[in-house]
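Notes follow once the structure below has been shown.
Residue numbers (the numbering used here), protein chains in the order written: chain A, 1 to 356; chain B, 1 to 299.
What follows is the structure, given as structure tokens:
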């Protein structure tokens, strides 16, 4: 099912939940709504589900406006963070509830529930009550309940947030595989950028009710359209500097306090002559070197495979990953090399990218 | 060396036992007056009269057991008033249960103009002593009595009228209690059911109501007891045995003109107490959940 949101807005008095969201989700696409809590992603999802009525704007399913269609007639399945299983019903009754409401004949109901339960690996738990299941099993039941009516649109509201880290990883790939196998258009709300990046075909980044960007994960990472997207996507986050870009001897230089980098011409020319701009460099493009900008180590965080260190250059803290076991300590003086090929520039006032 | 360690351990074990027994001892002692009271009531109902805690006959000798105190059971009037007590109690269970479940749900889930004010007003109403309202209620019941048909059921001097007043007085508490239970339920469950295809009413009936069953049961028990023991309202708004209830019937034994037959009062009192006692034995767990579940909900 193709889903279009046109200027979708939700307000409660002065409180803005979603502010003029415009996006189109293609048939079979897996889209993640990514943003910090309170950014309006769940509000938008609940409007798509029909639980909230939009204040303004339209929701279209396959070209038809569904604003006034109640949730039960939208043919959607939804998985909640809290699982939202019915505690007084068995697993079988939980999964079969949507079918019971559709008045599906008993025999077919039995068959469909069993098939979905087997697919989710909970076929042997059908007689249990939700309270007797582990968190992961409960989430599978919730997923089974959403899938059993064969919906045309699947909605996920932070479904993995309540699971422990390891289970989250396995459920992540399971959901992704399931979505590819079944080909159901899906919207996945999360505040976890790794989840969004790994699972989604396209990611919609939201902040304060507004859509910041809507693009495939790699594009989001390499060509962030706003300062917020650049800072929110990627872990550890992008480093930002206040710089001025000038031309000297035919080369573009980005100069700030304690820093002077030569940047590629095609990027530098878009930031030159604008006075102060914000330059962004990802941690993986910064490395320790014998020559370069000098700074003092602020923090050392061992992560196992790498050490995350925080180096103060002038007034800016720069995060970078280094090999562990270098024996670096807080207070050490180091020199940093910046790989400027992928450098980003942003307008400090509009916070929009100067490049894309 | 080893023996002394053993001794110390044995001593501390004994000490621990004594400490853990202390609460039981304290509770046992404090419960004695209550048990003695029950014992006295039971003995009194079967004896001519009592002296201290012992049954005595007319000459003051120990003995004098008799069943004459229970003769009221042969009076057809007792069954009439028992039925009335039962009707009032059941009326309260159904009336308060039904109305507070609906109202509590609406107040918990819906946002409408005047919601806060309504909640506050309900609480204030609960603070009113029924005694303050007697005259006003009397006027209302008289008015209802004037309405054809309805007046016969809910008017002045009817069992229905008494039940109606009792329900009204108990509603604020019931509403707040049920609202508290509903507040504890997650919205997601309702949303899930709506998406699964249930109508608003089915969500309430099939998904939400089963979750508040313990609260509903506790409320029902509370109201049954309140209705069964009702005295002030039936005493004030009924005239004559046909519509009075057990408590009012009990009152006539301690009349102003004749000496009080305490042993008879005890017998009728015990008769009134029995259903409650039996009821309580089976429902005490649910009854206690009213404190556990209902208290958690805020506004």
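Note that CB positions come from ideal geometry on N, CA and C, so glycine has one too.
Check: Just curious, the beta strand (DSSP E) that residue 149(B) is in, first and last residue?
Finding: Residue 149(B) -> no beta strand (DSSP E), and no H or E assigned at all.
Next item on the list: Would you list, in chain order, the members of the region 171–204 of chain B that have their beta-carbon closer than 8 Å to a beta-carbon of chain A?
Entry: Within the region 171–204 of chain B, the qualifying residues are 186, 188, 189, 191, 192, 193, 194, 195, 196, 197, 198, 199 and 202.
Notebook entry, point to check: Which one or two residues does DSSP pair with residue 320(A) in a beta bridge?
Noted result: Partner(s): 309(A).
Next item on the list: Identify, in the order they occur along the chain, each residue of the same chain with its Cβ nearer than 6 Å to the Cβ of residue 137(B), setting aside the five sequence neighbours on each side.
Entry: Answer for residue 137(B): 165, listed in chain order.
Note to self: For the region 137–155 of chain B against the region 72–82 of chain B, do three or more pairs of beta-carbon atoms, one drawn from each stretch, fall closer than 8 Å, so that the two count as touching?
What the structure shows: Taking one beta carbon from each stretch, the region 137–155 of chain B and the region 72–82 of chain B have fewer than 3 pairs nearer than 8 Å; the two do not touch.
Check: Any C-beta of chain A sitting closer than 8 Å to the C-beta of residue 214(B)?
Finding: No - not a single Cβ of chain A is within 8 Å of the one on residue 214(B).
Item checked: Residue from 202(B), 209(B) and 128(B) with nearest C-alpha to residue 356(B) -> For chain B, the structure presents residues 1 to 299; residue 356(B) sits outside this window and is missing.
Next item on the list: Using three-state DSSP, classify residue 338(A) as helix, strand or coil.
Entry: The DSSP-derived three-state label of residue 338(A) is strand.
Notebook entry, point to check: Could you check where the beta strand (DSSP E) with residue 88(B) kicks off and where it finishes?
Noted result: Here residue 88(B) belongs to no beta strand (DSSP E); instead the alpha helix (DSSP H) covers 76–109.
Notebook entry, point to check: From the beta carbon of residue 71(B), is the nearest beta carbon of chain A less than 8 Å away?
Noted result: With 8 Å as the cut-off, residue 71(B) does not count as an interface residue toward chain A.
Check: Closer than 8 Å, CB to CB, is residue 333(A) near chain B or not?
Finding: For residue 333(A), no CB of chain B lies under 8 Å from its own CB, so it is not counted at the interface with that chain.
Item checked: Listed by chain order, chain B residues near residue 51(A) by CB distance under 8 Å -> Within chain B, the residues near residue 51(A) are 191, 194 and 195.
Margin query: So the candidates are 111(A), 30(A) and 190(A); which of them puts its Cα closest to the Cα of residue 81(A)?
Written below: Looking at the Cα atoms, 190(A) is the closest of the given residues.
Note to self: So, with DSSP's three-state summary, where would you put residue 51(B)?
What the structure shows: In the structure shown, residue 51(B) sits in a strand (DSSP, three-state: E or B).
Next item on the list: With DSSP collapsed to three states, give me the class of residue 274(A).
Entry: Coil.
Check: Alpha carbon to alpha carbon, what distance is there between residue 51(A) and residue 196(A)?
Finding: Straight-line Cα distance between these residues: approximately 24 Å.
Item checked: Beta carbon of residue 88(B) nearer than 8 Å to that of residue 162(B) -> Result yes, Cβ atoms of residue 88(B) and residue 162(B) sit closer than 8 Å.
Check: Excluding five sequence neighbours on each side, which residues of the same chain lie with their C-beta closer than 7 Å to the C-beta of residue 112(A)?
Finding: For residue 112(A), the CB contacts under 7 Å within the same chain, skipping 5 residues up- and downstream, are 99 and 148 in chain order.
Check: Cα-Cα, which of 141(A), 90(A) and 245(A) is closest to residue 115(A)?
Finding: Checking every option, the nearest Cα to that of residue 115(A) belongs to 141(A).
Notebook entry, point to check: Under a three-way DSSP split, which group does residue 111(A) fall into?
Noted result: Three-state DSSP puts residue 111(A) in a helix.
Notebook entry, point to check: Does residue 210(B) get closer than 8 Å to chain A when you measure Cβ to Cβ?
Noted result: Output row for residue 210(B): interface = yes.
Item checked: Inter-residue Cα distance where the pair is residue 283(A) and residue 318(A) -> If you take the alpha carbons of residue 283(A) and residue 318(A), they lie about 8 Å apart.
Notebook entry, point to check: Can you tell me the Cα-Cα spacing of residue 155(B) and residue 123(B), whole angstroms?
Noted result: When rounded, the distance between both Cα atoms is 27 Å.
Check: By the criterion of Cβ-Cβ separation under 7 Å, what are the contact partners of residue 76(A) in chain B?
Finding: Chain B residues near residue 76(A): 195.
Item checked: Member of 206(A), 94(A) and 153(A) whose CA lies at the smallest distance from the CA of residue 129(A) -> Looking at the Cα atoms, 94(A) is the closest of the given residues.
Check: Near residue 267(B), what residues of its chain come up, given a Cβ to Cβ distance below 6 Å and the 5 sequence neighbours on each side ignored?
Finding: Here residue 267(B) has 45, 69 and 70 as same chain residues with Cβ atoms under 6 Å from its own Cβ, once five neighbours each way along the sequence are excluded.
Next item on the list: Within its chain, find whatever has a CB closer than 7 Å to the CB of residue 83(A); leave out the 5 residues flanking it on each side and keep chain order.
Entry: Here the set comprises 138, 139 and 142.
Note to self: Determine, for residue 101(A), whether the minimum Cβ-Cβ distance to residues of chain B falls below 8 Å.
What the structure shows: Residue 101(A) counts as touching chain B.
Next item on the list: Pull up the CB-CB distance for residue 269(A) and residue 262(A), whole angstroms please, since I reckon it's below 8 Å.
Entry: Actually they do not touch by this definition, with Cβ atoms about 13 Å apart.
Notebook entry, point to check: How would you label residue 263(B), buried or exposed, when you count the other beta carbons within 10 angstroms and need 16 or more for buried?
Noted result: So residue 263(B) ends up on the buried side.
Note to self: According to DSSP, is residue 3(A) part of a helix, a strand, or is it coil?
What the structure shows: Strand.
Next item on the list: Specify the secondary structure class of residue 12(A) as computed by DSSP and reduced to three states.
Entry: Residue 12(A): strand per DSSP, three-state reduction.
Notebook entry, point to check: Of all the options 85(A), 225(A), 48(A) and 342(A), which has the alpha carbon lying nearest to the alpha carbon of residue 62(A)?
Noted result: Selected option, being the one with the closest Cα: 48(A).
Next item on the list: Tell me whether residue 72(A) sits in a helix, a strand or coil according to DSSP, three-state version.
Entry: Three-state DSSP puts residue 72(A) in a helix.
Notebook entry, point to check: Just curious, the alpha helix (DSSP H) that residue 294(A) is in, first and last residue?
Noted result: For residue 294(A), there is no enclosing alpha helix (DSSP H); the residue is found in the beta strand (DSSP E) stretching over 293–302.
Next item on the list: Using the Cα positions of residue 303(B) and residue 85(B), report the straight-line distance between them to the nearest angstrom.
Entry: This structure cannot speak to residue 303(B), because chain B is shown only from 1 to 299.
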